[in-house]
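Heads up: the structure comes next, in structure tokens.
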Amino acid sequence: MLFITDTGPSILRDSGCLHHTPIFSHFPFSFFKFILFTVTVILCSSSMAGIWTLAALLLLSLSISTAAKQTYIVHMKHNTKPDSFPTHHDWYTASLQSLASTPDSLLYTYTNAFDGFAASLSDEEVELLKQSQSVVGVYEDTLYSLHTTRTPAFLGLNTDLGPLDGRHALDINQASNDVIVGVLDTGIWPESKSFSDSGMPEIPTRWKGECESGPDFSPKLCNKKLIGARYFSKGYNMASSGRGYLKKPKEIESPRDRDGHGTHTASTAAGSQVANASLLGYASGTARGMATHARVASYKVCWTSGCFGSDILAGMDRAIADGVDVLSLSLGGGSAPYYRDTIAIGAFTAMERGIFVSCSAGNSGPSIASLANVAPWIMTVGAGTLDRDFPAYAVMGNKKRFAGVSLYSGVGMGGKPVGLVYNKGGNSTSNLCMPGSLEPKLVRGKVVICDRGINPRVEKGAVVRDAGGVGMILANTAESGEELVADSHLLPAVAVGRKIGDVIREYVKSDPNPTAVLSFEGTVLNVRPSPVVAAFSSRGPNLVTREILKPDLIGPGVNILAAWSETIGPTGLETDTRKTEFNIMSGTSMSCPHISGVAALLKAAHPTWSPSAMKSALMTTAYVIDNTNSSLQDAAGSAPSSPWVSWVWSCRPAQSPLAGPRLRHLNR
């Protein structure tokens, strides 16, 4: 316990009324010390002057406590905690109370990812905290965003394991049942068959996590596969306070995934095998994650409006304590100094504890210097294509037939051409098919050409349908190049590359009566060339540490089939009432969990390897050529990719000589 013996006037020491007040010597004399001093004056004197002073200070305290507040993350020095406080949590709580903050101002206490706390603070309180010698830094909470099956075979991770050296080979997938993959995302849909625990042994005794209860989520939904499910919403709730637009009616505070993104990424990394999986008939086959026998722990840190840094750090803090082996984060923001980057801070401690951290590079390509998650200790994953496609065709009235892609599964257009229009609306955004941009009388009963970009691709189709259009050709511009991303549109729609898009747009302008008809051809395999770097995959250079090239490698991230939340349609639109067990999505959000799952296999094969050794093995054994034996191409420009696009290569784990004979055997 410390005493006010050096801040008040001598009258206190002479009066014998000195208080035993719990303040902190590392804070300078400031307004809250002055309040304590004045309270002492009141108790030691009945003068009106003292009463008026107290009244004035109470008003000052009230003005600070009621000032506009927001969430800050406070980094503290671990070893400066006064001995009078049993725990760091007690210390942080007392610190906030000394700032006239209410008890509920403290949102999180961090003890594993780093030392500190998240709290709701006013500007004045932030400035007071910064004066403390125990405070390393105070950082405003940051909003991050999500970076929104054939892939095991494409990566060489087949399950048909034959004899090796006269004995049956060790099934690395089976060995991965002792590996725990923590997924920080939008939660989990536990009823999915991808999280079946059939045949799995007991949960590792070292596991310290749990399944939390909440609306529409019972801990009983967890099993030997899904061994943990938590949610973190205090940062989100604080940001939403007084701003109802952040909240959505269907959003619930529990581990349950009502978005689909978290279920998709978790099943990609470590989903169980599910026969006869498909999205409305597309990509049919057996769905499986990279490490089918690894355990899954879900940490819901993302909500409708995004993912707040305070919640992310809380999720990482808990995951480290729970005992995960791999952390997978398909989310991120821009490039910030590492000491201000929530994910970088948490990932550094995870790496020190032997936890491999894989993060998505972002979907802001092909712009340069658009990367997220660039810390050297993070595996930064870009996105590439698979050798699987979903062909669709647009046939013009002049008999020219153009190839594209689509996941449309409804009633087709038949063989009769209809009118084809472009840029038919009352404003400058009608070429993009933005909401409200199309003139119904000009597009009704016609196929509409929509330029890709700005608003979501599936939203464009909904805009066309709502305006009375019967089909859509989604045409790339220069930014997306020849990259083709298939979507499960609500109306017949075909996505085409930039070159074809330019030809079709010119046809509409030059023909007095342009027409088109669309057709759909299902799923094809062995597409060449592949992989191709996705145009949307974020690019270098690394703005924080230019000497370190990023991304580290690319993984499959285009048209990926994985498990889905059954509360939302495959497009994610509110008007999409279709329900599916699986969905096909694209983004570095999809490539990241592929690498996370491969890391789980490496951990199973080599339990003593450090995260750096695992990262090195993946990077130095990935490949630099596609399935035509040519250099990897960049979809944005139809040219070889540069070091800033995929400075290393596409992941090929089964080819790794460092992985040992057991893992290499998976490719036979």
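Start counting the sequence shown at 1; every next residue gets the next number (full-length UniProt numbering).
Every residue, glycine too, gets a C-beta built ideally from N, C-alpha and C.
Distance between residue j and residue i (C-alpha atoms, nearest Å)
i	j	result
residue 336	residue 257	29 Å
residue 238	residue 420	49 Å
residue 97	residue 300	29 Å
residue 383	residue 309	24 Å
residue 611	residue 491	46 Å
residue 116	residue 109	6 Å
residue 647	residue 562	Interpretation of residue 647 is limited by its pLDDT of 45, a score under 50 that renders its predicted location unreliable; the figure taken from the coordinates is listed afterwards. Distance between the alpha carbons of residue 647 and residue 562: 27 Å.
residue 394	residue 459	20 Å
residue 195	residue 88	37 Å
residue 136	residue 468	59 Å
residue 498	residue 478	6 Å
residue 580	residue 619	36 Å
residue 377	residue 207	24 Å
residue 192	residue 290	17 Å
residue 613	residue 218	39 Å
residue 86	residue 253	31 Å
residue 235	residue 106	10 Å
residue 609	residue 214	37 Å
residue 344	residue 445	52 Å
residue 755	residue 621	This structure does not reach residue 755, given that the chain is present from 1 up to 668, and the question cannot be answered.
residue 667	residue 326	Note that residue 667 has pLDDT 27, beneath the 50 cutoff, so the model's placement of it is unreliable and the number below is only indicative. When rounded, the distance between both Cα atoms is 23 Å.
residue 630	residue 387	15 Å
For residue j and residue i, believed in contact at Cβ under 8 Å, the rounded distance
i	j	result
residue 279	residue 584	5 Å
residue 637	residue 415	The pair is not a contact, with the Cβ atoms about 36 Å apart (cut-off 8 Å).
residue 185	residue 266	7 Å
residue 224	residue 202	7 Å
residue 569	residue 578	5 Å
residue 599	residue 358	6 Å
residue 367	residue 588	At roughly 14 Å, the Cβ-Cβ gap does not stay under 8 Å, so residue 367 and residue 588 are not in contact.
residue 455	residue 432	6 Å
residue 677	residue 268	Limits of the chain in this structure are 1 at one end and 668 at the other, which puts residue 677 out of reach.
Neighbourhood of residue i by C-beta, 7 Å cutoff - its chain only, sequence neighbours within 5 removed
i	result
residue 126	72 and 138
residue 417	397, 515, 516 and 517
residue 370	362, 364, 538 and 539
residue 69	120, 121 and 122
residue 544	335, 337, 338 and 374
residue 582	277, 278, 279, 287, 561, 562, 563 and 564
residue 320	112, 113, 349, 350, 353 and 355
residue 187	231, 255, 256, 257, 262, 298 and 300
residue 403	391 and 393
Neighbour-count burial assignment, residue i, 16 or more Cβ in a 10 Å radius
i	result
residue 542	buried
residue 293	buried
residue 322	buried
residue 380	buried
residue 451	buried
residue 78	exposed
residue 406	buried
residue 526	exposed
residue 95	buried
residue 275	exposed
residue 311	buried
residue 625	exposed
residue 440	exposed
Which of helix, strand or coil DSSP assigns to residue i
i	result
residue 285	strand
residue 311	helix
residue 76	strand
residue 419	strand
residue 693	In the structure displayed, the chain extends from 1 to 668; residue 693 sits before or after that span and is not available.
residue 273	coil
residue 413	coil
residue 443	helix
residue 123	helix
residue 303	strand
residue 359	strand
residue 520	strand
residue 92	helix
residue 464	helix
Residue i CB to nearest heavy atom of the ligand PLP below 6 Å
i	result
residue 309	Annotation note on the ligand PLP: not contained in the displayed structure, which lists no ligands.
Same chain only: Cβ atoms within 6 Å of residue i, ignoring 5 sequence neighbours per side
i	result
residue 670	There is no way to answer for residue 670, as the model of the chain reaches only from 1 to 668.
residue 461	472, 489, 490, 491 and 493
residue 190	221 and 226
residue 204	178
residue 316	113 and 346
Own chain, CB closer than 8 Å to residue i, minus 5 neighbours either side, in chain order
i	result
residue 508	420, 421, 422, 449 and 514
residue 174	293
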